[in-house]
Amino acid sequence: AQTVTQSQPEMSVQEAETVTLSCTYDTSESNYYLFWYKQPPSRQMILVIRQEAYKQQNATENRFSVNFQKAAKSFSLKISDSQLGDTAMYFCAFMKRNNAGNMLTFGGGTRLMVKP
Amino acid sequence: DTAVSQTPKYLVTQMGNDKSIKCEQNLGHDTMYWYKQDSKKFLKIMFSYNNKELIINETVPNRFSPKSPDKAHLNLHINSLELGDSAVYFCASSRGVREQFFGPGTRLTVL
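Chains as they are written, first to last, in the numbering used here: chain A, 1 to 116; chain S, 1001 to 1111.
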């Protein structure tokens, strides 16, 4: 079974600064996907970024980028130029690539507060 | 247009009652899911359906019964509700092994 660990329950950052959220996972699989989801106070789950394990290049989406270290089983999220609207819970998630059920295994989440 | 919708968004009921949550997706996806988010925000898969067939049932009590009348709908029926069932229930959908899109969630409160 896969496990996903987010070691930072809460973090804060000043507006316009950069913050990095940590995620580690444990799996024996070689083909898988990793995701970061954002859950603002509205509780809607929003996909932030996705990484395919077979790709060495780190994924980037505008101000969001990841540092994917496959050997270390680490998948951190960097948010640049933080905005007030980035305030949310952030969840790291794992999915086996060949899993017919495609279930996501989530970490416990990191609550991020962006301060003005 | 809403991609994944759930009804109702809020549900307050008494212990022992039976209730249903409906989910619909208009994305043309072939796989749908139910997740439960507990009071500590922990998210866990409950069920996964692919083309109307049950693929995953993650040790969920028999009181929970998903039903998929077609590929666009996945409903969740809960019998004999218990206090511990209070949570936010999310429906999601995907096209095969790709990112999942979530509905707005249904907050269930059992009194």
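Backbone N, C-alpha and C define an ideal beta-carbon position, used for all residues, glycine too.
Check residue i in the structure and name its three-state DSSP category.
i	result
residue 135/A	As displayed, chain A neither begins before 1 nor continues past 116, which places residue 135/A out of reach and without an answer.
residue 1083/S	helix
residue 1042/S	coil
residue 66/A	strand
residue 1098/S	coil
residue 15/A	coil
residue 22/A	coil
residue 1009/S	coil
residue 8/A	coil
residue 27/A	coil
residue 43/A	coil
residue 115/A	strand
residue 958/S	For chain S, the structure presents residues 1001 to 1111; residue 958/S sits outside this window and is missing.
Could you name the residues that DSSP lists as bridge partners for residue i?
i	result
residue 1063/S	Its beta-bridge partners do not exist; DSSP assigns none.
residue 1015/S	Paired residue(s): none; residue 1015/S is not in a bridge.
residue 1050/S	1031/S, 1053/S
residue 1093/S	1032/S, 1101/S
residue 93/A	35/A, 106/A
residue 1068/S	The partner list for residue 1068/S (beta bridge, DSSP) is empty, contrary to what the question assumes.
In the DSSP assignment, find the unbroken beta strand (DSSP E) run with residue i in it and report its ends.
i	result
residue 1077/S	1073-1078
residue 54/A	Careful: residue 54/A lies outside any beta strand (DSSP E) and carries neither H nor E.
residue 1037/S	1031-1037
residue 1109/S	1106-1110
residue 104/A	Run containing residue 104/A: none; DSSP gives neither H nor E here.
residue 39/A	32-39
Q: Pull out every residue of the region 1047-1075 of chain S whose Cβ sits closer than 7 Å to any Cβ of chain A, in chain order.
A: Taking 7 Å as the cut-off between beta carbons, the residues of the region 1047-1075 of chain S near chain A are 1048, 1050, 1055, 1056, in sequence order.
Q: Using a Cβ-Cβ cut-off of less than 9 Å, give me the residues of the region 1077-1111 of chain S that come near chain A, in sequence order.
A: The region 1077-1111 of chain S vs chain A, Cβ under 9 Å: 1088, 1090, 1092, 1094, 1096, 1097, 1098, 1099, 1100, 1101, 1102, 1103, 1104, 1105, 1107.
Q: Closer than 9 Å, Cβ to Cβ, to anything on chain S: give me those residues from the region 29-42 of chain A, in chain order.
A: Only 33, 35, 37, 39, 42 from the region 29-42 of chain A bring a Cβ to less than 9 Å from some Cβ of chain S.
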